[in-house]
Amino acid sequence: MDREPTLVELGIFSVMWSEHCSYKSSRVHLRRLPTTGERIIVPPGENAGIVDIGDGWCAAFKIESHNHPSFIEPFQGAATGVGGILRDVFTMGARPIASMNSLRFGSLDHPKHGRRNRSLLAGVVGGIAHYGNAFGVATVGGEVAFDDAYSLNPLVNAFALGLVRQDQIFFGKATGVGNPILYVGAKTGRDGIHGATMASAEFDDAALAKRPTVQVGDPFLEKLLLEACLEAMRSGSVAGIQDMGAAGLTSSSCEMAARAGTGIEIDLSLVPQREQGMTAYEMLLSESQERMLIVAHQGREREVIDIFRKWDLDAVVIGRVREGQNMRVIHEAETVADIPVSALTDEAPLYERPMGRPKSKDQSPKTKAQSTESKDQSTKHQVQNHNQPLLKLLASPNLASKQFVYRQYDHMVRTNTAVLPGADAAVVRIKETRRALAMSLDGNGRYCAANPREGAKLIVAEAARNVVCVGARPLAITNCLNFASPERPEVMWSFSEVIDGMAEACRAFNTPVVSGNVSFYNETEGRGILPTPVIGMIGLLEDVRRVVQPGFKQDADTIALLGITGDDISISEYAATIEGLSTEAMIAGGMVPKINLQTEVAVQTICLEAAEAGLLRSAHDCSDGGLAVALAECCFSSLNREAIGATISLPE
Numbered sequence: 005m006d007r008e009p010t011l012v013e014l015g016i017f018s019v020m021w022s023e024h025c026s027y028k029s030s031r032v033h034l035r036r037l038p039t040t041g042e043r044i045i046v047p048p049g050e051n052a053g054i055v056d057i058g059d060g061w062c063a064a065f066k067i068e069s070h071n072h073p074s075f076i077e078p079f080q081g082a083a084t085g086v087g088g089i090l091r092d093v094f095t096m097g098a099r100p101i102a103s104m105n106s107l108r109f110g111s112l113d114h115p116k117h118g119r120r121n122r123s124l125l126a127g128v129v130g131g132i133a134h135y136g137n138a139f140g141v142a143t144v145g146g147e148v149a150f151d152d153a154y155s156l157n158p159l160v161n162a163f164a165l166g167l168v169r170q171d172q173i174f175f176g177k178a179t180g181v182g183n184p185i186l187y188v189g190a191k192t193g194r195d196g197i198h199g200a201t202m203a204s205a206e207f208d209d210a211a212l213a214k215r216p217t218v219q220v221g222d223p224f225l226e227k228l229l230l231e232a233c234l235e236a237m238r239s240g241s242v243a244g245i246q247d248m249g250a251a252g253l254t255s256s257s258c259e260m261a262a263r264a265g266t267g268i269e270i271d272l273s274l275v276p277q278r279e280q281g282m283t284a285y286e287m288l289l290s291e292s293q294e295r296m297l298i299v300a301h302q303g304r305e306r307e308v309i310d311i312f313r314k315w316d317l318d319a320v321v322i323g324r325v326r327e328g329q330n331m332r333v334i335h336e337a338e339t340v341a342d343i344p345v346s347a348l349t350d351e352a353p354l355y356e357r358p359m360g361r362p363k364s365k366d367q368s369p370k371t372k373a374q375s376t377e378s379k380d381q382s383t384k385h386q387v388q389n390h391n392q393p394l395l396k397l398l399a400s401p402n403l404a405s406k407q408f409v410y411r412q413y414d415h416m417v418r419t420n421t422a423v424l425p426g427a428d429a430a431v432v433r434i435k436e437t438r439r440a441l442a443m444s445l446d447g448n449g450r451y452c453a454a455n456p457r458e459g460a461k462l463i464v465a466e467a468a469r470n471v472v473c474v475g476a477r478p479l480a481i482t483n484c485l486n487f488a489s490p491e492r493p494e495v496m497w498s499f500s501e502v503i504d505g506m507a508e509a510c511r512a513f514n515t516p517v518v519s520g521n522v523s524f525y526n527e528t529e530g531r532g533i534l535p536t537p538v539i540g541m542i543g544l545l546e547d548v549r550r551v552v553q554p555g556f557k558q559d560a561d562t563i564a565l566l567g568i569t570g571d572d573i574s575i576s577e578y579a580a581t582i583e584g585l586s587t588e589a590m591i592a593g594g595m596v597p598k599i600n601l602q603t604e605v606a607v608q609t610i611c612l613e614a615a616e617a618g619l620l621r622s623a624h625d626c627s628d629g630g631l632a633v634a635l636a637e638c639c640f641s642s643l644n645r646e647a648i649g650a651t652i653s654l655p656e
């Protein structure tokens, strides 16, 4: 710039160079993920990834975190997380048809944090239900897990999926010099200012004082915004569109200009405001919800304005696409910012942070036999009645039914849902075709803390297995990578290992990564979460009538176990619930289950081919709780008909 930046420019740099917006610590590693494939239409880099699902239809989907806002204000933090991910999807021109969520909290009966954890759970679930139900999107699945490692930092990851015709996809690009830039949607307020910066730092004992940085959502207004945006797109008057998420107007304008290689000029005096006396700094950094930035074709801005006014929404021309590659901001006839777009985006800092194995990993790792022998032997001597351990497992918070959560969500709105929450994966039909989409969210912090590379493989494999168990062929993934502070070498080592494990598994299953999110600084007072990548897998069913569900259907049916069963219990729900081991003890002394990706692919292929041939009445994956819990869940899932039990014989 060859000059001292103004205060407004410093604010712009602070948010655009934040970890949340720039990915400065993770970009160097994310490049190793596979992102191409024959079905990939839009790879990472846009608001959502898009894959081809046949007959001219595409699926747009993505997962994002809203961990930091949900810690400070659980209801609005979770609600606006849902709103943000829905906007990412319909910004691409897709109508959202399904959402899911992956939630992690501390133990509800923790002696110190139990009350706070229960409050967080109630607030987060309430916020998700409030926004999704009012907006009108089916919340069809997800996961809820509990571990003391999340007592000070809950994880709230929101996933959304929408459908779009391949010839109706839109991009967040400010193309066409001279094209008008329109601000549409809700008015700008002071909520969420520096929200991106807040999400790029760890918390301390003053964290709750940051409540003003949490946005406030209006799901009914977002529903109007959805309909207005889709109508404007269909009219042919829209050249590009971008939602105002993290860093608000600053990020949306910068990103649109950067993708198109153009300049952009906006006049903040024209921005609709709901509060008086807002400064240029506040307007640029506000993260008020339900807002979009649209680039219209020159001469057609009136069409866009009329459409949004029909839906009772603001639509105002606030600037133009300009030559050059600078972002110029005017307020009250004064230029308050004039910055090269590349300085805020492509030339943002890129860190190769130091990495180091945790000290516990430097010791010679135990063999599986060594790490499990003592536990196995003690268990064999202690367990006299096998019924009691099973009942205790089924009652544990991580394995018990999550109906108390998902019954608060509307999972049937728009009548597309073919498989309801509680199955291995949710299934949503694609109307006008016989096809359906399956989707699953999976994560396991314990595995990735003990062995991040192998843990990541296991999570991708489980996500694929869940999709296969309902009869769908895995297509692609989105990921949400939740980690502690990247300033600690052991965290960056875990992150790098997770990336490599995920990349290897994605190549094995032919499921490229099409979108995702990185959430660092999930720690409070120096205590971080477990490394917790969450995988969102989607799969395609060619015929929804072939869908498979977990419940046993009929007496005398044969129960078969596919795959090899090992003695993998040193890091498990069994070790935690029955043996009473803490997470720290399991991570220090145990080993994750071993996975052979070739064998896993073969097992899944057999299951999928049997499902497609109509040979299966039911299928269920063996994961948390092992075979015993999987069998019990299959019995429970039959209760809508007649209760069906199971008699099995195990080899010696």
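The sequence shown: position 107 = 111 (my numbering), numbered continuously.
For each residue, glycine too, the CB sits at the ideal point set by N, CA and C.
According to DSSP, is residue i helix, strand or coil?
| i | result |
| --- | --- |
| S273 | helix |
| T371 | Low per-residue confidence applies at T371: pLDDT is 37, beneath 50, and the placement is therefore not dependable, though the value from the model is reported in the following sentence. T371 falls in the coil class under three-state DSSP. |
| T10 | coil |
| W315 | coil |
| S382 | Reliability of the predicted coordinates at S382 is poor, the pLDDT of 42 falling under 50, and no value is obtained from them. |
| T421 | strand |
| K435 | coil |
| V220 | coil |
| G649 | coil |
| F163 | strand |
| P73 | helix |
| Q80 | helix |
| S444 | strand |
| D559 | coil |
| T179 | coil |
| M357 | According to the sequence provided, residue 357 is Arg. The question's Met does not apply to it. Coil, per DSSP. |
Could you pull out every residue in the same chain whose Cβ sits closer than 8 Å to the Cβ of residue i, ignoring the five residues on either side in sequence?
| i | result |
| --- | --- |
| R43 | V55, D56, I57, L479, A480 |
| R550 | G475, A615, E616, G618 |
| R7 | none |
| T376 | The predicted model places T376 with a pLDDT of 44, which falls under 50 and marks its position as unreliable; any figure quoted below should be read in that light. Hits under 8 Å: D571, D572, I573, S574, G594, M595. |
Figure out for me which residue from the options has the closest Cα to the Cα of residue i.
| i | options | result |
| --- | --- | --- |
| R31 | T95, E356, G629, H415 | E356 |
| L654 | A647, F640, P362, A632 | A632 |
| S111 | S586, E637, G240 | S586 |
| G267 | A284, T349, L545, Y135 | T349 |
| V409 | P425, T421, M541 | P425 |
| A404 | P48, A634, D342 | A634 |
| A488 | C62, N71, Q558 | N71 |
| G618 | V474, L601, E583 | V474 |
| H33 | V188, T603, M506 | M506 |
| P493 | P353, G60, G532 | G532 |
| C452 | V471, A442, L441, L485 | L485 |
| L14 | L289, D310, A232 | L289 |
| K66 | G85, P73, E77 | G85 |
| G240 | E307, W21, E351 | E307 |
| V144 | K406, D561, D571 | K406 |
| M260 | V12, E50, L11 | E50 |
Starting from the C-beta of residue i, find all residues in its chain whose C-beta is less than 6 Å away, skip the five residues before and the five after it, and write them out in chain order.
| i | result |
| --- | --- |
| H575 | Here residue 575 turns out to be Ile, not His, going by the sequence shown. Once the five neighbours on either side are set aside, the close Cβ partners of I575 are R450, A454, M590, G594, V596. |
| P490 | S29, R357, M496, F524 |
| T446 | The residue you asked about is not Thr; residue 446 is Asp in the sequence shown. Within the same chain, D446 has close Cβ partners I463, E466, A467, I539. |
| A64 | A52, I54, V93, M96, A98, G166, V168 |
| A262 | V345, T349 |
| R361 | W497 |
Which same chain residues end up closer than 7 Å to residue i when comparing Cβ atoms and leaving out the 5 residues on each side of it in sequence?
| i | result |
| --- | --- |
| Q381 | The pLDDT assigned to Q381 is 40, lower than 50, so where the model puts this residue is not dependable; a value taken from the coordinates is nonetheless given after this. Here the set comprises nothing. |
| F224 | A138 |
| S257 | I268, I270, L297, M331 |
| P344 | Q329, N330 |
| H335 | L272, S273, A284 |
| R433 | N420, A422, A440, V548 |
Flag this pair as touching only if the segment 122-138 and the segment 395-404 have three or more C-beta atom pairs under 8 Å; answer yes or no. no
Run through the segment 578-642 for me and flag every whole alpha helix (DSSP H) of 4 or more residues, listed as ranges in chain order. Listed in chain order, the complete alpha helix (DSSP H) runs (minimum 4 residues) inside the segment 578-642 are 587-593, 601-616, 630-640.
Is it a yes or a no for the segment 245-260 touching the segment 170-181, going by three-plus beta-carbon pairs under 8 Å? Verdict: yes, contact present.
Going residue by residue through the segment 86-140, where are the continuous alpha helix (DSSP H) segments of at least 4 residues, counting only ones entirely within it? Correct list: 118-139.
Ordered list of beta strand (DSSP E) runs contained in the segment 459-542, each at least 3 residues: 477-486, 517-523
Pairing CB atoms from the segment 497-505 with CB atoms from the segment 452-472, are three or more of them under 8 Å? yes
Are there three or more Cβ pairs, one per stretch, closer than 8 Å when the segment 410-425 is compared with the segment 556-569? no
I want to know whether the segment 511-529 touches the segment 151-163 - three or more CB-CB distances under 8 Å. yes
Count the C-beta pairs between the segment 294-302 and the segment 143-155 that are closer than 8 Å, then say yes if the count reaches three, no if not. no
Contact between the segment 187-194 and the segment 140-151: three or more CB pairs below 8 Å? No, the segment 187-194 does not touch the segment 140-151.
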